[in-house]
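Input: a single structure, listed below in C-alpha cells.
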Amino acid sequence: MRIAIDIDDTIFPTVKKFIKYHNHKYKTSKKFKDCKNLHAHKLFNLDFEIFLERWTAFTNTDYHNLMKPYPNSIEIIKELKKNNELYIITARNKRMVKSTKTLIENHFGKNFFKRIIHLDYKDLKRDEKHEICKRLNIKLIVDDSLETVLACSKEQINCILFNYRNTYNWNRYSKTNKFIKKASSWKDVEKKIIIE
Ligand SMILES: [Mg+2]
Numbered sequence: 015m016r017i018a019i020d021i022d023d024t025i026f027p028t029v030k031k032f033i034k035y036h037n038h039k040y041k042t043s044k045k046f047k048d049c050k051n052l053h054a055h056k057l058f059n060l061d062f063e064i065f066l067e068r069w070t071a072f073t074n075t076d077y078h079n080l081m082k083p084y085p086n087s088i089e090i091i092k093e094l095k096k097n098n099e100l101y102i103i104t105a106r107n108k109r110m111v112k113s114t115k116t117l118i119e120n121h122f123g124k125n126f127f128k129r130i131i132h133l134d135y136k137d138l139k140r141d142e143k144h145e146i147c148k149r150l151n152i153k154l155i156v157d158d159s160l161e162t163v164l165a166c167s168k169e170q171i172n173c174i175l176f177n178y179r180n181t182y183n184w185n186r187y188s189k190t191n192k193f194i195k196k197a198s199s200w201k202d203v204e205k206k207i208i209i210e
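For what it's worth, this note's numbering labels the leading residue of the sequence shown as 15, then goes sequentially.
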C-alpha cells in the first residue's frame, strides 16, 4: 500500500519549535495553545509574505535542525516501510527542500522515502495534498491538518488525523467521517494501521 506521511506536527513538533524561535527572535510571547488553526501568520498578526520569510528562515536554524521526532515515530515508520511504499507530502515550499531533506536524512538515512513531495505555488495555484494522493494512488495519509484529511477523505483515502497527546488545538474538536481515524501518538498510529 502507498502511504503518505506529513512532516510538521506529525513526525516533528514543528509548531512548538517555530513559536519558540519566533518569540526569541522577534520578542513575541505567543503560546502553543493559542494556535487554533494552521494559518500561523494569523497567530502572529503577520502578512503571509512576511510570515513565509520567517518560516523559511526558521528551517535554517537549530530550532528546526535539532528538533527531535515524536516518540516511536522513526521505529514505526521504518517498520511500515517493510510492507508499504512511503511518501512524504509536505506543505513546505520549494525553498525548504534542502533543509527538509537534511532533517529527514538525519533521522531516516538517505533515500528512505520513495519521494519527498513539496507543495508549491505555480501561477498562483498549487496542487493540494488530496490531488497528489489521488494522482499517486495513495491509500492512506497520516497528517495533523484537518483541512487536508477532510479533503482526502472526500477522495475516499483513509486518513489518520494526528494530534500528539491531544494537545493540538487546531484539530481536536473536529467532526470526522468514516475515512478518518484519530491518533494521539505513533503507537496509536501503528494500532490504527494494523486494524485497517
Ligand atoms: Mg502538519
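Beta carbons are placed, not taken as given, at the ideal position from N, Cα and C, and that holds for glycine.
Under the DSSP assignment, R16 falls in the beta strand (DSSP E) whose first and last residues are R16 to I19. Boundaries of the beta strand (DSSP E) around D157: L154 to D157. With a cut-off of 8 Å on Cβ pairs, the segment 93-100 is in contact with the segment 15-26, counting three or more such pairs. Not one heavy atom of ligand 1 falls within 7 Å of the beta-carbon of D134.
Here DSSP, grouped into helix, strand and coil, assigns I174 to strand. Below 8 Å, enough C-beta pairs join the segment 18-30 and the segment 154-162 to call them touching: three or more. DSSP places T162 inside the alpha helix (DSSP H), whose first and last residues are L160 to K168. Following the DSSP letters along the chain, one finds R149 inside the alpha helix (DSSP H) bounded by residues K143 to L150. Assigned with DSSP and collapsed to three states, R140 falls in coil, not helix or strand. Cβ-Cβ distances below 6 Å link H78 to F72 in the same chain, with the five nearest sequence neighbours on each side left out; the list follows chain order. For R68, the enclosing alpha helix (DSSP H) stretches over residues F62 to F72. CA-to-CA, the gap between L94 and K201 works out to about 12 Å. Straight-line spacing of the CA atoms in I103 and R109 works out to 15 Å. Close CB contacts of H55 within its chain, under the 6 Å cut and outside five residues either way in sequence, are with F62 and F65 (chain order). At least one heavy atom of ligand 1 sits closer than 7 Å to the Cβ of T24. If you look at H132, you'll find it in the beta strand (DSSP E) that goes R129 to H132. In the three-state reduction of the DSSP assignment, A197 falls in the strand class.
When the five nearest sequence neighbours on each side are left out, the beta carbons in the same chain lying within less than 7 Å of the beta carbon of K50 are those of N183 and W184, in order along the chain. Separation of K115 and I90 (C-alpha to C-alpha, rounded to the nearest whole angstrom) is 20 Å.
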